[in-house]
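K.L.:
Got a structure for you, written out below as structure tokens; questions coming shortly.
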Amino acid sequence: MENKNIRVRFAPSPTGGLHLGGVRTVLFNYLFAKQHQGSFIVRIEDTDQTRFVAGAEQYIFDCLQWCGLTPDESTVNGGPFAPYRQSERKAIYKQYALELIEKGYAYYAFDTPEQLEEKRKGVPNFQYNHQTRRQCTNSLTLSSEVVLQKLANNTPYVIRIKMPENETVTCHDMIRGTVDFNTGLSDDKALLKADGMPTYHLAVVVDDFLMQITHAFRGEEWLPSAPIHILLWKYLFGLDKMPKWAHLPLILKPDGNGKLSKRDGERLGFPVFAMDWTDPVTGNTTTGFKERGFLPEAFVNMLAMLGWNDGSGQEIFSLQELIEKFSIKRIHKGGAKFDYEKAKWFNHSWLQQLPVQHYVANVKPYFAKAGITITNDAYLHKVMELVKERCQLLPDFVEQSSFFFQHPEHIDTASIAGKWNATQQQFFVELIRNLELATTWDTENLEKDFKEMAAAHQLKPGELMLPFRIMLVGGKFGPHVFDIAAAIGKAATIHRIKHTLQLLQ
RNA sequence: GGAGCGUUGGUCAAGGGGUUAAGACGCAUCCCUUUCACGGAUGAAUCACGGGUUCGAUUCCCGUACGCUCUACCA
């Protein structure tokens with residue numbers, strides 16, 4: 120692909136949490152731009168004033184930052200085509216709408232929302248289109264004097280596109296190939312609303328042109344309205360200037376069918392948003408992948424594999440690798456069901472391959488939340504190395520290693536009691552004595568001495584290891600038991616043995 | 001209802017006229033490990049259906065079914 124000034128954009132509507140699918144759209148935009156040394160732009164599509172949500176815009180940028188998908192131009196860092204917030208560009212759109220009217224491709228419509236509501240109630244499936252516009256109140260049915268008068272009186276109006284009755288519009292989609300539409304089947308979409316704001320249809324086209332967007336990625340849900348956008352391009356700027364389209368497959372709910380929604384996450388117990396989102400009105404918080412304990416590397420990797428792969432079978436990719444290997448030709452056409460188990464697997468893989476220093480800072484807060492104070496970072500590193508392979512999510516570190524920092528809250532004595540006998544009791548009493556005298560304190564010597572003692576008591580290590588483990592960690596889990604003893608130290612080891620011995624009596 | 005898009009194991013998916021139809025997640029069994037996990041091995045499980053074209057279709061064509069998306073002065 121000849122890459123002269125590749126420019127792509129992500130154009131979110133700041134109305135709430137940033138959905139998985141949205142992040143994937145960002146990712147594909149980003150990968151494509153970076154691969155071609157192009158620019159990735161974030162344009163805020165806040166043309167619906169009734170849906171304004173405080174904080175939503177900032178939240179989107181927080182999510183992008185967490186993912187490491189930094190925009191080259193945006194409302195945050197500006198750029199040569201500022202402003203990047205459509206509400207601040209309001210004045211721009213009207214002239215294009217008027218241009219359309221002049222050219223005969225659009226018209227004023229004075230029907231009120233209430234009147235249209237009525238029509239929809241009366242006529243099943245009422246559409247404002249080439250068949251019905253003659254029965255409506257607009258500049259096509261009204262005399263120009265009346266129209267002028269209405270405009271002069273500030274009568275609210277909307278500007279609608281006048282869809283051709285029977286033309287074929289072809290969309291050349293980079294993922295789907297050629298898709299044909301008959302213009303007579305689309306209705307006369309509003310382009311400019313009564314409040315003077317453009318609708319999405321006008322705004323995307325105008326801004327994509329003005330911002331010199333070369334490739335436009337968006338969800339498949341936009342495909343049916345592509346003919347409107349293409350027509351607008353043809354009428355306003357010329358098809359040769361139009362960006363190349365790519366309609367991305369949808370991310371589906373794991374069970375049943377349909378687009379994955381925030382509701383599905385709540386219902387099935389997994390995040391759907393990138394980061395925690397708190398609705399400013401209700402105060403309700405919806406968990407994000409970040410707070411749930413995902414690493415951004417894993418989150419991004421997992422998203423990339425939902426609808427794309429490089430054909431080699433490789434599944435773990437760094438962002439840099441994705442930039443190098445990404446290709447539009449290998450994006451799927453069909454939607455993909457989201458699989459939370461697999462998502463966790465990605466995180467587990469990243470936890471293993473990244474050095475723990477890379478994410479200690481991310482797990483510390485979880486310890487704090489659990490009331491465990493970390494005083495020694497070197498010790499924390501060591502412990503994390505010991506337990507990381509049994510962690511899928513960041514909070515798992517707490518669950519898997521709290522006994523390294525504090526006495527276990529509960530000792531599973533039931534698992535010992537069944538086969539407990541006087542010889543074993545005797546063994547541990549003596550073990551305490553030996554441990555107290557120990558001059559070296561490391562895994563190897565601890566294990567060696569333990570086994571020699573067992574032999575002396577004519578006991579098999581197997582009868583003793585599990586009780587010992589339970590004394591130290593509280594349950595049947597955790598790393599090599601002598602590693603644990605070595606790590607927690609002499610005093611704690613002896614104390615925990617004594618404690619359990621007491622419980623057993 | 002209409003239009004558009006889609007359909008390889010439970011899920012993500014490779015492949016693409018002739019293959020034992022890769023691989024991964026998950027699941028099961030086993031090995032390793034005197035715990036759990038990691039790792040290793042093995043296994044169950046797939047080309048939506050019907051017609052063509054062809055010596056031969058999972059692959060190409062046409063239908064059908066099913067699913068999804070859209071059908072707002074929301075994006």
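Numbering (our numbering), first residue to last: 120 to 624. Glycine included, each C-beta is placed from N, C-alpha and C at the ideal position.
1. Classify Val548 as buried or exposed, calling it buried when 16 or more other Cβ atoms lie within 10 Å of its own Cβ.
2. Can you check the segment 406 to 477 for any alpha helix (DSSP H) of at least 4 residues that lies completely inside it and give the ranges in chain order?
3. At the level of alpha carbons, what is the spacing between Arg615 and Arg411?
4. Specify the secondary structure class of Met394 as computed by DSSP and reduced to three states.
5. Grab the span of the beta strand (DSSP E) containing Trp364 for me, first residue to last.
6. Quick one: what does DSSP say Pro317 is sitting in, helix, strand or coil?
7. Just checking, does the segment 503 to 518 make contact with the segment 526 to 542 on the three C-beta pairs under 8 Å criterion?
8. State the CB to CB distance for the pair Lys363 and His334, rounded to an integer number of angstroms; the pair is presumed to be in contact (CB under 8 Å).
9. Going along the chain, which residues of its own chain have a beta-carbon closer than 6 Å to the beta-carbon of Gln621, five neighbours each way excluded?
10. Counting only runs that start and end within the segment 219 to 257, where is the beta strand (DSSP E) found for 3 or more residues in a row?
11. With DSSP as the reference, label Cys186 as helix, strand or coil.
12. I need the DSSP call for Asp292, collapsed to helix, strand or coil.
13. Closer than 8 Å by C-beta to Ser258: which residues in its own chain qualify, once you throw out the five before and the five after it? Chain order, please.
14. Rounded to the nearest angstrom, how far is the Cβ of Asn301 from that of Asn285, given a contact under 8 Å?
15. Verify whether the separation of the beta carbon atoms of Phe522 and Leu591 is less than 9 Å.
16. Checking 9 Å against the spacing of the C-beta atoms, do Lys507 and Ile493 come in under that value?
17. Using only the alpha-carbon positions, how far apart do Glu236 and Ala313 sit?
18. Measure how close the beta-carbons of Thr287 and Thr297 come, nearest whole angstrom, since I'm counting them as under 8 Å.
19. Contact check, Phe392 vs Phe147 under 8 Å by CB: the rounded distance?
20. For the beta strand (DSSP E) containing Arg279, list its first residue and its last residue.
21. With DSSP collapsed to three states, give me the class of Leu371.
22. Give a yes or no on whether the C-beta atoms belonging to Glu218 and Leu329 are separated by under 9 Å.
23. Nearest CA to the CA of Ile278: which residue from Gln331, Met316 and Leu565?
24. In three-state DSSP terms, what is Val172?
25. Where do the ends of the beta strand (DSSP E) carrying Leu311 lie?
26. From the DSSP secondary-structure annotation, give me the bridge partner or partners of Gly593.
27. Can you tell me whether Asn466 is buried or exposed? The criterion is at least 16 other CB atoms within 10 Å of its CB, across all chains shown.
28. Going by Cα to Cα distance, which pick from Ala605, Glu571, Thr189 and Gly377 is closest to Asp561?
29. Can you look up Thr404 in the DSSP assignment and give me helix, strand or coil?
30. When you compare each of Tyr276, Thr401 and Phe129 to Thr189 by their alpha carbons, which one comes out closest?
31. Rounded to the nearest angstrom, what separates Lys238 and Asp307 at their Cα positions?
32. Have a look at Leu422, Pro131, Phe200 and Val142 and flag the residue whose alpha-carbon is nearest the alpha-carbon of Ser158.
P.N.:
Short version:
1. exposed
2. 408 to 411, 415 to 423, 438 to 444 and 459 to 472
3. 32 Å
4. coil
5. Lys363 to Leu367
6. strand
7. no
8. 5 Å
9. none
10. 225 to 228
11. helix
12. strand
13. Ile220, Tyr226, Tyr227, Ala228 and Val266
14. 7 Å
15. yes
16. no
17. 16 Å
18. Not a contact, Cβ separation roughly 11 Å.
19. Contact flag wrong, Cβ pair sits at about 18 Å.
20. Val277 to Ile280
21. strand
22. no
23. Met316
24. coil
25. Ala309 to Leu311
26. Paired residue(s): none; Gly593 is not in a bridge.
27. buried
28. Ala605
29. strand
30. Phe129
31. 15 Å
32. Phe200
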